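J.: Taking the working numbering, I'd label the letters of the sequence shown as residues 9 to 311. C-beta: ideal position from N, C-alpha, C; glycine also. Quick caveat, the model's predicted, so the values are computed rather than measured. Please read through the structure below; I'll follow up with questions.
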Amino acid sequence: MGLSAARKKIIENELRDFRLGGAELPDDKKARYLEIQERLAELSSRFSDNLLDATNDYTLVIENRAELSGLPEDVLQAAQEAAQAVNKTGWLFTLKAPSYGPVMQYADNRDLREQMYRASGTRASEFGKPEWDNTALMDEIVQLRGEEARLLGFANFGELSLATKMANSPQQVVEFMRELAKRARPFAEKDMSELRAFAKAELGIADMQSWDVGYASEKLREQRYAFSEQEVKQYFPETAVLPGMFKLVETLYGLRIRDAVVPLWHLDVRFFDIRDAQGQLVGQFYLDMYARNSKRGGPGWTT
């Protein structure tokens, strides 16, 4: 019996993935391919670890409340509690999103915004501790990806990456991005021009820099639309948003999402079962919503 187009495509994709995994390589090249994969995994892990260590290492304690004007009260409370947790007096800020983001968006203190911005932008680089510098790792990753691509018969890693994607060639991607930039640039320049003019006229910032963009954008939004993310946030607490999200999924797909009991790696983590209308288990996931020192990134879902 002939296969449907969908089934044929599934088989073609599976065979393609085997080839991209080095299945058709001769033994000597297959051994080198495996070495490259192991080294890339090691380098990627070290890259992430360095970034996490550099992020966790940075703290800034402000002792003068006047330097924190503009910051919302909940942000100040969290910063104060963070300082107390390490026996410091004042308000402690970090480069983690819940601390860094509000500073860049709300802090009237331009020097504070610049200090935090530069600290964030130079994490795990040559400007920090040598043991966390990712420069050499990136160079080696690029070199190994090129070698991997050539082993599999591609001219470069761009071609290898696109083997599983819709674009036909790296050149097609570049042309698309250039066309997109050409069309979007006039609108972006207009928005930036308006923001610069607003920052100069209303905020006294004559030479708007990168660390001013989020702050000026928030002020412009408040003036133009009488809208502030901080004001809206109070209407979307976790206790309302999470059940609402689950209810939407349950209504759309006829599923049921319920808490389940399993071993967890942190008290903040939760685990859920997903069951169909007949009560059959169809999926499970962990929900880890809060930033902390041992965790990469911010909130996350793990299926």
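#1: Using the Cβ count rule (16 or more neighbours within 10 Å means buried), how would you classify R121?
#2: Can you find a heavy atom of the ligand GTP that lies under 7 Å from the Cβ of E20?
#3: Leaving out the 5 sequence neighbours to the left and right, which residues in its chain are closer than 8 Å to V269 when beta-carbon positions are compared?
#4: So which of D199, L159 and Q231 has the shortest CA-CA distance to D36?
#5: Compare the Cα-Cα distances from E230 to each of F206, N72, M253 and P251 and report the closest residue.
#6: Is the beta carbon of V277 less than 8 Å from the beta carbon of I265?
#7: With a Cβ-Cβ cutoff of 8 Å, do Y108 and L79 count as a contact?
#8: For F244, which three-state DSSP category applies?
#9: Go through its chain and collect everything with a Cβ distance to F184's Cβ below 8 Å, but skip five positions before and after it.
#10: If you draw a straight line from the alpha carbon of R126 to that of M112, how long is it in whole angstroms?
#11: In the DSSP assignment, the beta strand (DSSP E) including Y294 goes from what residue to what residue?
#12: DSSP has T67 in a bridge; who is on the other side?
#13: What's the gap between the Cα of A62 and the Cα of A90?
#14: Buried or exposed for T97, going by 16 or more other Cβ atoms inside 10 Å?
#15: I need the DSSP call for F135, collapsed to helix, strand or coil.
#16: In chain order, what residues of the same chain have a beta carbon less than 7 Å from the beta carbon of K104, not counting five sequence neighbours either side?
#17: What are the boundary residues of the alpha helix (DSSP H) that I149 is part of?
#18: Got a sec, what are the start and stop residues for the beta strand (DSSP E) I265 sits in?
#19: Among D141, G29, Q85 and I213, which has the Cα closest to the Cα of R54?
#20: Is F279 helix, strand or coil by DSSP?
#21: Between L289 and Y243, what straight-line distance do the alpha-carbon atoms span, to the nearest angstrom?
#22: Quick one: using the 10 Å Cβ neighbour count with 16 as the cut-off for buried, is A87 buried or exposed?
#23: Looking only at its chain, what residues have a beta carbon closer than 7 Å to the beta carbon of E1, apart from the 5 residues adjacent to it on each side?
#24: Could you give the residue range of the alpha helix (DSSP H) that holds S169?
#25: How should T102 be labelled, buried or exposed, when 16 other C-beta atoms within 10 angstroms of its C-beta is the threshold for buried?
#26: For I19, count neighbouring Cβ atoms within 10 angstroms of its own Cβ and tell me buried if that reaches 16, exposed if not.
#27: Thinking just about the alpha-carbon of each residue, which of E139, A285 and R153 is nearest to the one in Y41?
#28: Buried or exposed for E187, please, with buried defined as at least 16 other CB atoms from any protein chain shown within 10 angstroms of its CB.
#29: By alpha-carbon positions, which one of M297, A224 and I213 ends up nearest to T247?
T.: Well, looking at it:
#1: Position 113 of the sequence shown, counting from 1, holds the residue named residue 121. When all chains shown are included, R121 counts as buried.
#2: Of ligands this structure carries none, so the ligand GTP is not represented either.
#3: On the sequence shown, position 261 is the one that residue 269 refers to. Taken in chain order, the residues that qualify are F279.
#4: To locate residue 36, count along the sequence shown from 1; it is residue 28. Looking at the Cα atoms, L159 is the closest of the given residues.
#5: Along the sequence shown, read from residue 1 onward, the residue named residue 230 stands at position 222. Out of F206, N72, M253 and P251, F206 has the C-alpha closest to the C-alpha of E230.
#6: By 1-based counting over the sequence shown, the position of residue 277 is 269. By 1-based counting over the sequence shown, the position of residue 265 is 257. Cβ distance not < 8 Å, so V277 and I265 don't count as in contact.
#7: Here the question's residue 108 lines up with position 100 in the sequence shown. Here the question's residue 79 lines up with position 71 in the sequence shown. No, the pair does not count as a contact, with Cβ atoms beyond the cut-off.
#8: For the purposes of this step, residue 244 is identified with residue 236 of the sequence shown, where counting begins at 1. Three-state result, F244: coil.
#9: As a first step, residue 184 must be located in the sequence shown, where it is residue number 176. Taken in chain order, the residues that qualify are A175.
#10: The residue you call residue 126 lines up with position 118 of the sequence shown. The residue you call residue 112 lines up with position 104 of the sequence shown. Each residue's Cα considered, the two are about 11 Å apart.
#11: In the sequence shown, counting from the first residue as 1, residue 294 sits at position 286. Its beta strand (DSSP E) spans residues L289 to D296.
#12: Here residue 67 refers to the residue found at position 59 of the sequence shown. T67 is bridged to T102.
#13: Translated into the one-based positions of the sequence shown, residue 62 becomes position 54. Translated into the one-based positions of the sequence shown, residue 90 becomes position 82. C-alpha separation (whole angstroms): 18 Å.
#14: Taking the first residue of the sequence shown as 1, we reach residue 97 at position 89. Counting Cβ neighbours within 10 Å, T97 comes out exposed, since fewer than 16 surround it.
#15: Taking the sequence shown and counting its residues from 1, one reaches residue 135 at position 127. Looking at F135 - three-state DSSP - the assignment turns out to be coil, as it is neither helix nor strand.
#16: As a working note, residue 104 is residue 96 in the sequence shown. Around K104: T63 and A299.
#17: Stepping through the sequence shown from its first residue, residue 149 is reached at position 141. Taken as a continuous stretch (DSSP letters only), the alpha helix (DSSP H) holding I149 covers T143 to L159.
#18: Locating residue 265 in the sequence shown gives position 257, counting from the first residue. Its beta strand (DSSP E) spans residues R264 to D267.
#19: By one-based count along the sequence shown, residue 54 stands at place 46. Taking only the C-alpha atoms, the option nearest R54 is D141.
#20: Taking the sequence shown and counting its residues from 1, the one referred to as residue 279 is at position 271. Strand.
#21: In the sequence shown, residue 289 corresponds to position 281, counting from 1. In the sequence shown, residue 243 corresponds to position 235, counting from 1. Distance between the alpha carbons of L289 and Y243 is about 33 Å.
#22: Here residue 87 is taken as the residue at index 79 of the sequence shown, counted from 1. Buried is the call here.
#23: Residue 1 cannot be examined here, being either before or after the span of the chain that is shown, 9 to 311.
#24: The residue you call residue 169 lines up with position 161 of the sequence shown. S169 -> alpha helix (DSSP H) spans F165 to L170.
#25: What you label residue 102 is simply residue 94 of the sequence shown in a count that begins at 1. Counting Cβ neighbours within 10 Å, T102 comes out buried, since at least 16 surround it.
#26: Locating residue 19 in the sequence shown gives position 11, where the first residue counts as 1. Of the other Cβ atoms in all chains shown, fewer than 16 fall within 10 Å of the Cβ of I19; this residue is therefore exposed.
#27: Taking the first residue of the sequence shown as position 1, residue 41 is located at position 33. Ranking E139, A285 and R153 by Cα distance to Y41 puts R153 first.
#28: Locating residue 187 in the sequence shown gives position 179, where the first residue counts as 1. E187 comes out exposed.
#29: Translated into positions along the sequence shown, residue 247 becomes position 239. Selected option, being the one with the closest Cα: M297.
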